[in-house]
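**Q** Sharing a structure here in structure tokens format.
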Amino acid sequence: VQLQASGGGLVQAGGSLRLSCVASGSFAPLKVMGWWRQVPGKQRELVADINNRGVERYKNSLKDRCAISWDRSKTVYLQMNSLIPEDTGVYFCNAGREEIPTGGEYWGRGTQVTVSS
């Protein structure tokens, strides 16, 4: 499985970004897709994920500023609003055939998000 992310970049504080990730290749049906991030000096953490029943999971501090969606055709989106400099980091697309709290077995290469103050 290859996960190709797009939509990262440089944005001013208060702005918005929409990340997209497309899964390609031959694989068993996915049960979950989502986004994780690694900000400077911290471990990789969940931003949001969504399972094939439409159940969404968010990092608590981000749930009011993010919305995840999955069109079931192998593309997951993350809408991020009211961005703050602390959101700066590398965002990784993730997918799995099982729901695992620490993330599925497939990872994208990451896309950089930089929020300027």
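Counting from 644, one number per residue, gives the positions in the sequence shown under the numbering used here.
The beta-carbon is built from N, C-alpha and C at its ideal position, and this holds for glycine as well.
(1) Once the 5 residues before and after Asn695 are set aside, which same chain residues still bring their CB inside 6 Å of it?
(2) According to DSSP, what are the bridge partners of Leu653?
(3) May I ask you to list the residues that DSSP assigns as paired with Asp692?
(4) Contact between the region 753-760 and the region 650-662: three or more CB pairs below 8 Å?
(5) Report back the beta-carbon spacing between Leu646 and Trp750 to the nearest angstrom; my notes put them in contact at under 8 Å.
**A** According to the structure data:
(1) To locate residue 695, count along the sequence shown from 1; it is residue 52. Lys674.
(2) Here residue 653 refers to the residue found at position 10 of the sequence shown. Beta-bridge pairing links Leu653 to Thr757.
(3) Position 49 of the sequence shown, counting from 1, holds the residue named residue 692. Gly677 and Arg700.
(4) yes
(5) Numbered from 1 along the sequence shown, position 3 holds the residue referred to as residue 646. Numbered from 1 along the sequence shown, position 107 holds the residue referred to as residue 750. With 8 Å as the limit, Leu646 and Trp750 qualify as a contact, their Cβ atoms being about 7 Å apart.
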